[in-house]
Amino acid sequence: MIAANPVTLPLNSYAAQHVQLAVSNAVATLTLNRPERKNPLTFESYAELANIFRAAARDKAVKAIVITGAGGNFCSGGDVFEIIKPLTEMDTSGLLDFTRMTGELVKAMRAAPQPIIAAIDGVCAGAGAIIAMASDIRIGTANAKVAFLFNRVGLGGCDMGACAILPRIIGQGRAAELLFTGRALGGQDAERWGFFNRLATSATVLAEAHTLAAELAAGPTFGNAMTKRMLEMEWAMSVEAAIEAEAVAQALCMETEDFVRAYRAFADKRKPVFEGN
Numbered sequence: 022m023i024a025a026n027p028v029t030l031p032l033n034s035y036a037a038q039h040v041q042l043a044v045s046n047a048v049a050t051l052t053l054n055r056p057e058r059k060n061p062l063t064f065e066s067y068a069e070l071a072n073i074f075r076a077a078a079r080d081k082a083v084k085a086i087v088i089t090g091a092g093g094n095f096c097s098g099g100d101v102f103e104i105i106k107p108l109t110e111m112d113t114s115g116l117l118d119f120t121r122m123t124g125e126l127v128k129a130m131r132a133a134p135q136p137i138i139a140a141i142d143g144v145c146a147g148a149g150a151i152i153a154m155a156s157d158i159r160i161g162t163a164n165a166k167v168a169f170l171f172n173r174v175g176l177g178g179c180d181m182g183a184c185a186i187l188p189r190i191i192g193q194g195r196a197a198e199l200l201f202t203g204r205a206l207g208g209q210d211a212e213r214w215g216f217f218n219r220l221a222t223s224a225t226v227l228a229e230a231h232t233l234a235a236e237l238a239a240g241p242t243f244g245n246a247m248t249k250r251m252l253e254m255e256w257a258m259s260v261e262a263a264i265e266a267e268a269v270a271q272a273l274c275m276e277t278e279d280f281v282r283a284y285r286a287f288a289d290k291r292k293p294v295f296e297g298n
C-alpha cells in the first residue's frame, strides 16, 4: 500500500504533494484540490492527510485546523478509477491493508489535539462524508449533499468508524437510515439533524470556518485539547467514571498559566489573552 512521505515540522514548512496545506495565524487549512473531479481521494492523498494530522499533533504552533474542498465541492470520496478499480483486483490481504490505511486517517484526526472544522459545500460523499464526520465541527451550506454511499457500491456502511461515530452525532435511527440507504442528506436536513453545526452560504462558508478556527486558536490550547480528548474518551465510560475523569482533567487544566491569566484578566476587567501554556 502506498504511503506518503513523512511530514516535516513545522507544518508551515511542509510542501504537501497531494492536497493543499497552508498555515496562517495558528490555523492550518487543508484543501482537497481536484475540483475537476469534485476532489476525490487517492491512495496517496489518504496517506498524506493522515500524516499531516499526525504531524499537527506535534506542532505546537498550530492550534486549530480547517478542512475544505476546492471548486464548490467538499469531496466525492475515493476516486473511482484510481482507488475503486484497483480494489477490485486485490486479494484479501491487500484489501485489509487498504481499509486499515483509510481508518488511520480518522484515527489521526481524532488523535490530533486541535479542534478540526470542516467547511462543506456541494458534494460530500463516501470517504468525504467520513472526513466531515470525523471533524469536530461542521459548517455546511444549503447546497451541500452528504451521502455515505458505501452500500450503493455493494459494501457495508461500516467504514472508517461510521457505525461508531455517526450515531453519536445524529442518533442511531438516523445514522442507520443513511448507512443502509446511502441516500443524500441535503444541507438543511443535515443542519436540522445535527450533522452540520450551522449553515452558511457558499460564498461565506470557508470564511466562517476560518473565523471560528481563529476564535478557537485564541482560546486556551491545553483546555481545548483536553476537551477534545475527554469527548473522545467518555464515549466508553459510565457517567460515574466520566465525572471522575473530568475531575482529574480539569485539575490539570487549573495548573496551566492560561488559567491564571484568565483570573487576572477577570480581576482587571479585561479580556484574557491566552498563550497556550
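Counting with this note's numbering, you get residues 22 to 298 for the letters of the sequence shown.
Using N, Cα and C, we set each Cβ at its ideal position, and we do this for glycine too.
Thr113 sits exposed, since fewer than 16 C-beta atoms from the chains shown fall within 10 Å of its C-beta. Going by C-alpha positions, Arg213 is about 23 angstroms away from Phe171. Under DSSP, Val48 takes part in a beta bridge, and its partners are Ser45, Ala85.
By the CB criterion at 8 angstroms, Ala270 and Met258 fall outside the cutoff.
Nearest in C-alpha terms to Asn46, of all of Leu32, Asn72, Phe102, Ala129, is Leu32.
Per DSSP, Leu199 lies in no beta strand (DSSP E) segment; the continuous alpha helix (DSSP H) that holds it begins and ends at 193 to 202.
Residue state for Ala168 is assigned as strand, using DSSP reduced to three classes.
Between Asn218 and Pro136, the C-beta gap is not smaller than 8 angstroms, which leaves the two residues out of contact. The region 111 to 159 is shown to contain whole alpha helix (DSSP H) runs of 4 or more residues at 113 to 132, 148 to 155, in chain order. Less than 8 angstroms divides the Cβ of Ile86 from the Cβ of Ala133. Residue environment analysis places Phe102 among the exposed positions, since fewer than 16 neighbouring C-beta atoms fall within 10 angstroms of its C-beta. Beta-carbon to beta-carbon, Phe95 and Gly178 are separated by about 19 angstroms, too far to satisfy the 8 angstroms threshold. Rounded to the nearest whole angstrom, the C-alpha separation of Ala197 and Pro188 is 8 angstroms. Rounded to the nearest whole angstrom, the CA to CA distance from Ser34 to Val48 is 14 angstroms.
Counting only the Cα atoms, Gly215 lies some 16 angstroms from Asn164. Residue pairing from DSSP leaves Ala234 without any beta-bridge partner.
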